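Numbering (our numbering), first residue to last: 87 to 488.
Structure record follows, encoded as structure tokens.
Structure (structure tokens):
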């Protein structure tokens with residue numbers, strides 16, 4: 087199904103007067119996963135979607151293929167066995183495979199692309215226990231091969247996929263399957279990626295030989311986060327931190343890197359919270375359980391994509407479970423008065439899962455958005471439309487009266 091009513095939401099550079107429109111593809115209305123990813127699985131030059139037990143052929147996603155046995159879950163009180171999906175050519179045969187992290191505390195396994203043949207894909211377990219509700223898949227050690235970023239056995243660390251080995255970076259501590267908030271980024275500007283969690287950041291040492299433990303630099307980045315990012319928000323040359331305050335509550339924030347002498351301290355800037363007045367533009371929604379960071383409008387600054395996770399703990403759990411499952415992007419603006427985040431609503435009937443992906447799906451070099459969640463599976467395709475100055479002004483978010 088396709089929503090043929092694009093919504094005008096985009097604020098472009100003022101000399102262009104461009105409004106962004108979104109076309110919503112509904113791939114499925116069944117609950118089979120909490121995340122989704124994209125790649126060209128059949129090598130036809132078109133991006134496809136992997137979500138739950140199916141992959142969907144682009145560009146219209148009307149044809150789907152089952153790559154592992156289908157199980158449909160109840161939206162109100164079930165949890166899927168597919169919390170995160172990533173894509174990568176694991177066996178280097180030139181065909182993109184699919185990586186799935188199951189329920190928190192379960193395995194990470196990859197499914198081998200059968201090179202155009204139908205039927206279920208061969209499954210290979212990489213590691214039996216992947217903890218955390220915000221694990222990711224990114225190169226830690228600089229070998230240009232992505233690693234599984236997670237915790238296991240009470241320790242933060244990463245799993246190298248070729249030898250299936252866990253490399254701890256922390257001592258054993260409170261980390262468990264439901265720990266929230268994790269990311270990777272260069273906090274101190276030394277060119278090495280550090281681990282980010284709600285309790286601070288772990289500085290990567292100069293050498294990773296013999297698996298040394300990393301040095302923890304305490305800080306407070308929310309309480310139960312989602313994906314966490316290091317990025318120079320204010321343009322002063324050092325990386326700040328971006329994340330949410332509570333994955334099952336409220337709050338989006340960035341933490342300014344104050345870089346005081348040899349010690350890095352952070353100043354919290356909350357730009358959305360529990361009340362409409364906590365946001366300059368009156369935007370409020372709960373459960374921002376997934377975040378992606380991407381330059382949405384091509385202005386050279388990275389923006390935030392997030393929304394409301396639908397029925398994270400069912401219709402009676404968490405904050406405002408029955409509110410509209412919205413999807414937003416927040417445009418980063420730097421000005422003489424500091425940093426601002428302009429909120430643009432993309433949709434109010436898809437939301438997010440534990441994962442949301444911004445990626446170019448149609449080759450126009452504009453990020454589109456892929457969602458897999460309890461609401462179903464969705465692709466939101468971005469387009470840009472030149473409009474009059476009056477239309478452009480109408481599309482701008484308006485500050486609420488103080």
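We treat Cβ as the ideally placed atom computed from N, Cα and C, and that holds for glycine.
Computed from a predicted structure; not experimentally measured.
For residue 477, the uninterrupted alpha helix (DSSP H) segment begins and ends at 475 to 481. Within 10 angstroms of the beta-carbon of residue 344 lie fewer than 16 other beta-carbons, which makes it exposed. For residue 419 and residue 368, the gap between their C-alpha atoms comes out near 17 Å. Going by DSSP, residue 334 is part of no beta strand (DSSP E) at all; its letter is neither H nor E. Selection 462, 328, 335 and 383 evaluated against residue 353 yields 328 as nearest (Cα-Cα). Under DSSP, residue 115 forms no beta bridge with any residue.
Nearest C-alpha to residue 172 among 201, 247 and 107: 247.
Contact between residue 466 and residue 432 is confirmed by a C-beta separation of about 6 Å, below the 8 Å threshold.
CA-to-CA, the gap between residue 366 and residue 201 works out to about 50 Å. Nearest to residue 231 by C-alpha distance, out of 238, 223 and 169, is 223.
Residue state for residue 221 is assigned as strand, using DSSP reduced to three classes.
Look at residue 304 here: in three-state DSSP terms it is strand. Counted as a single uninterrupted DSSP element, the beta strand (DSSP E) harbouring residue 455 occupies residues 454 to 459.
With a cutoff of 9 Å on beta-carbon distance, residue 372 and residue 394 are scored as near each other. In this structure, residue 276 keeps its C-beta atom at 9 Å or more from the C-beta atom of residue 262. Looking at the DSSP output, residue 354 sits in a beta bridge with 341.
Contact between residue 221 and residue 234 holds: CB atoms are separated by about 7 Å, below the 8 Å threshold.
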